[in-house]
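A.B. asks: Would you mind keeping the following structure in view while I ask a few things?
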Amino acid sequence: MLTIQLGANAHYFTRYYAPGYEPATQQFKVQNEVKVGNYPLVSGFLNCHLKQTRFFLEYYNAGALFISPTEYFSLPHYPVNPTLLKLGLSVDFIN
20 MLTIQLGANA
30 HYFTRYYAPG
40 YEPATQQFKV
50 QNEVKVGNYP
60 LVSGFLNCHL
70 KQTRFFLEYY
80 NAGALFISPT
90 EYFSLPHYPV
100 NPTLLKLGLS
110 VDFIN
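Going by this note's numbering, the residue at position 80 of the sequence shown is 99; the numbering climbs one at a time, nothing skipped.
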């Protein structure tokens, strides 16, 4: 029997002063210069399970295709991944 899950994830980030990252000390710091946010992060996925095989298909950050400007930053000067198609396969060889 084939089991299918189809869905979407959506997150909206309002504009705020995110903590800055200091690579020299590898720690986060408080900053008040750059605001990040004010964008949706939308992803769609498909999960399938057939006997001992599982596979998935995910389209990450689909909102960047139809929303502009695309200022996707998780931290100041650190962008979020662009639109991305992810594929996966898992096979269980144990009966």
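Positions of the beta carbon are idealized from the N, C-alpha and C atoms, including for glycine.
Locate the alpha helix (DSSP H) running through Ala-37, then write down its first and last residues.
C.D. replies: Start at 1 with the first residue of the sequence shown, and residue 37 comes out as number 18. Neither: Ala-37 is in no alpha helix (DSSP H) and is coded neither H nor E.
A.B. asks: Could you name the residues that DSSP lists as bridge partners for His-30?
C.D. replies: Counting from one through the sequence shown, the residue named residue 30 turns up at place 11. Per DSSP, Leu-60.
A.B. asks: Since Ser-93 contacts Tyr-78 with CB under 8 Å, what's their CB separation in whole angstroms?
C.D. replies: Counted from its first residue, the sequence shown places residue 93 at position 74. Counted from its first residue, the sequence shown places residue 78 at position 59. Contact flag wrong, Cβ pair sits at about 19 Å.
A.B. asks: Taking buried to mean at least 16 other C-beta atoms within 10 Å of its own C-beta, is Val-110 buried or exposed?
C.D. replies: On the sequence shown, position 91 is the one that residue 110 refers to. So Val-110 ends up on the exposed side.
A.B. asks: Are the CB atoms of Gly-56 and Lys-48 nearer to each other than 7 Å?
C.D. replies: Residue mapping note: residue 56 aligns to position 37 of the sequence shown, counting from 1. Residue mapping note: residue 48 aligns to position 29 of the sequence shown, counting from 1. No, Cβ-Cβ distance for Gly-56 and Lys-48 is not below 7 Å.
A.B. asks: Please confirm whether any heavy atom of the ligand ZN lies closer than 6 Å to the CB of Phe-32.
C.D. replies: Annotation note on the ligand ZN: not contained in the displayed structure, which lists no ligands.
A.B. asks: Quick one: using the 10 Å Cβ neighbour count with 16 as the cut-off for buried, is Tyr-58 buried or exposed?
C.D. replies: Along the sequence shown, one-based indexing puts residue 58 at 39. Label assigned to Tyr-58: buried.
A.B. asks: So, for Tyr-31: in the same chain, excluding its five sequence neighbours on each side, which residues have a beta-carbon less than 8 Å away from its beta-carbon?
C.D. replies: The count along the sequence shown starts at 1 and reaches residue 31 at position 12. Correct list, in chain order: Tyr-58, Pro-59, Leu-60.
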